[in-house]
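Heads up: take any position in the sequence shown, counting from 1, add 34, and you land on our numbering. We treat Cβ as the ideally placed atom computed from N, Cα and C, and that holds for glycine.
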Amino acid sequence: MEASRTMLDRAYINPSKEEDRTKIPPNTFWNIEEAKKNNIYFYLKEIKAVKPHGRVIVEGLGEMIMLGGYSYLGLKEHPKIHEATKQALDEYGAGTDGSRFLAGTFSLHNALEKTIARFKSTEDCITFTSGYLANVSTISTLLRRNDIVFCDKMNHASIIDGCLFSRAHLMRYPYGDLEMLEKYLKKITARVRKLVVVDAVYSMEGTIADLPGIKALCQKYDAYLMVDEAHSVGVLGERGTGIEEYFNMPKDTIDIKMGTLSKAIPSTGGYVAGNSEIINFLKHEARGFLYSGAPSSTAIAAAMAAFQVIEEEPSRIQELNQKAGYFRTRLKEEGFNVGEGQTPIVPIIIGEFTATSLLAKYCQDNGIFIHAIHPPVVTEGSSRLRASITYSNTVEDLDYCVETIKTGARKFGIL
Ligand SMILES: Cc1ncc(COP(=O)(O)O)c(C=O)c1O
């Protein structure tokens, strides 16, 4: 069924009927059933197989070019990483014996933490079972009631959740607005803990945080700095070590360096790297570390091998950024608004909700795995398709994607 504009207008809108406030679950924030009925629901898609060159086989849709994933360096298929994973399985088995604190710490966990600390040039590191947990647990453990946390409005949900969970006073400033950040910092004259938290790469925009500007403010107002490097490790800097390398800034610019093992690093888990005092504190106080099972041996071994591969094969980083630059430039030349980003995340900003949904559907029907992103995830009137380019995508496939997006955009009167 071809989705019409009026049908689409009704999708995603909050169900209007009175909510029964006694019922669990409560109403969803968007109209899932309407979206499904209108054939624009493209979530929880079942991937049947992962193919070379950034392609996947999707149930009911066949082979698609993946522009919706984050395996930035194409390491999911790397033989060294496969080998390390198999060896860990043989040596340590499939599960763990509980939380890291009690019985779940393998030599592998400590070795990975040392590896990350070295890669991120810090004294020490702590790993968690996900990046989400790393953010929530770290922020809520380092801050307490009456402390102040300054948070960019575009920060990832896990940062926001960590701030809320901490019960610190949360001051959210508009996306990248350092004037506003300074205004907020200036207001706080009490002797309290102050933490500024930002994403190194804004995941909806593909832009890079102004680390020099943010650091200067942290120094001026005596605030600690935490940076989420989920989209910058393996991507920014010639060696892929992240945002400090990108800006050629000292290796101790960031006090708390958070990252994930689920994007450029082809595994699952999250980490926080920093000085020994902070990490030791987290290993004894962070509830997401103390009260959660240890990451599995296979996840840890895959991550460790991946860091080694990144160090051995830096040309992957250059090729990734070249491909992303090529894709962005081609779209720009065709007249698309691709924002101000410089990273492999390339937003294709359409503006209107309906046109964006129609274009996303057109791309999906034509073999491109890409999502539409709407408010409130992005600001009102800036609905977009969001592509994330990886090392695995071929230039031919990227050309095909540009042509398909262009044809779809003409069809729906966008271009
Ligand atoms: C900026 C950012 N931070 C944190 C996370 C959470 O990481 P993980 O997927 O390891 O839970 C993500 C992943 O979606 C992310 O994009």
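Residue i classed as buried or exposed, judged by whether at least 16 other C-beta atoms fall within 10 angstroms
i      : result
Leu176 : buried
Lys220 : exposed
Thr40  : At Thr40, the pLDDT of 48 sits below 50, so the modelled position is not reliable and the matter cannot be decided from this model.
Glu36  : Confidence is the limiting factor: at Glu36 the pLDDT is only 45, short of 50, which leaves the residue's position unreliable and the question unanswerable from this model.
Glu430 : exposed
Thr253 : Looking at the sequence shown, residue 253 is not Thr but Gln. Gln253 comes out exposed.
His29  : There is no way to answer for residue 29, as the model of the chain reaches only from 35 to 449.
Leu136 : exposed
Thr223 : exposed
Glu53  : exposed
Arg44  : Unreliable positioning characterises Arg44 in this predicted model, as indicated by a pLDDT of 49, which lies under 50. The coordinate reading is nonetheless provided below. Label assigned to Arg44: exposed.
Phe454 : Residue 454 is absent from the structure shown; the chain starts at 35 and stops at 449.
Asn180 : exposed
Ile334 : buried
Lys70  : exposed
Ala264 : buried
Asn72  : buried
Glu278 : buried
Arg55  : exposed
Phe323 : buried
Ile81  : exposed
Ala328 : buried
Boundaries of the alpha helix (DSSP H) in which residue i is found, first to last residue
i      : result
Ile299 : No alpha helix (DSSP H) contains Ile299, which DSSP labels as neither H nor E.
Tyr434 : 429-445
Tyr166 : 165-176
Lys70  : 66-71
Tyr396 : 387-399
Phe135 : Counting along the chain, Phe135 falls outside any alpha helix (DSSP H), and DSSP gives it neither H nor E.
His318 : 310-319
Phe153 : 141-153
His116 : 113-126
Leu354 : 349-367
Thr332 : 331-346
Asp244 : No alpha helix (DSSP H) contains Asp244, which DSSP labels as neither H nor E.
Ala191 : 191-200
Leu78  : Neither: Leu78 is in no alpha helix (DSSP H) and is coded neither H nor E.
Leu219 : 212-221
Closer than 7 Å: residue i CB and nearest ligand 1 heavy atom
i      : result
Ser422 : no
Ala243 : no
Thr332 : no
Asp233 : yes
Thr294 : yes
Asp262 : yes
Gly103 : no
His405 : no
Tyr255 : no
Asn314 : no
Gly127 : no
Ser266 : no
Ser141 : no
Ser237 : yes
Gly304 : yes
Asn169 : yes
His190 : yes
Pick from the options that is closest to residue i, judged by C-alpha positions
i      : options                        : result
Tyr77  : Gly102, Pro60, Val84           : Gly102
Ser133 : Asp211, Asn73, Gly373, Arg321  : Arg321
Asn355 : Arg418, Glu368, Val267         : Val267
Lys228 : Leu245, Gly373, Met214, Ala202 : Ala202
Gln398 : Lys71, Asn61, Lys79            : Lys79
Ala336 : Val235, Lys249, Ser296         : Ser296
Ile150 : Gly276, Tyr280, His405         : Gly276
Asn169 : Asn144, Tyr305, Tyr106         : Tyr305
Ile288 : Ile312, Tyr258, Tyr434         : Tyr258
Ala122 : Lys366, Arg420, Ser331, Lys440 : Ser331
Gly308 : Ile160, Ser141, Lys440, Lys82  : Ile160
Thr450 : Thr119, Thr302, Ser310         : There is no way to answer for residue 450, as the model of the chain reaches only from 35 to 449.
Val226 : Arg178, Ile404, Ala394         : Arg178
Ile404 : Ser422, Pro410, Ala389         : Ser422
Pro410 : Ser192, Phe63, Glu68           : Phe63
Pro246 : Met283, Glu239, Ile194         : Met283
Residue i beta carbon near ligand 2 (any heavy atom closer than 7 Å)
i      : result
Gly165 : This structure lacks ligand 2; its bound ligands are ligand 1.
Start-to-end residues for the beta strand (DSSP E) that takes in residue i
i      : result
Tyr207 : 203-207
Arg89  : 89-92
Met98  : 96-100
Ser417 : 417-422
Thr62  : Looking at the DSSP string, Thr62 is not in any beta strand (DSSP E), and its letter there is neither H nor E.
Ile261 : Reading the sequence as shown, one finds Val at residue 261 and not Ile. Residues 258-262.
Ile277 : Premise fails: Ile277 lies in the alpha helix (DSSP H), 277-280, not in any beta strand (DSSP E).
Phe162 : 158-162
Met292 : 290-294
Val267 : Where Val267 is concerned, there is no enclosing beta strand (DSSP E), given that its DSSP letter is neither H nor E.
His405 : 405-407
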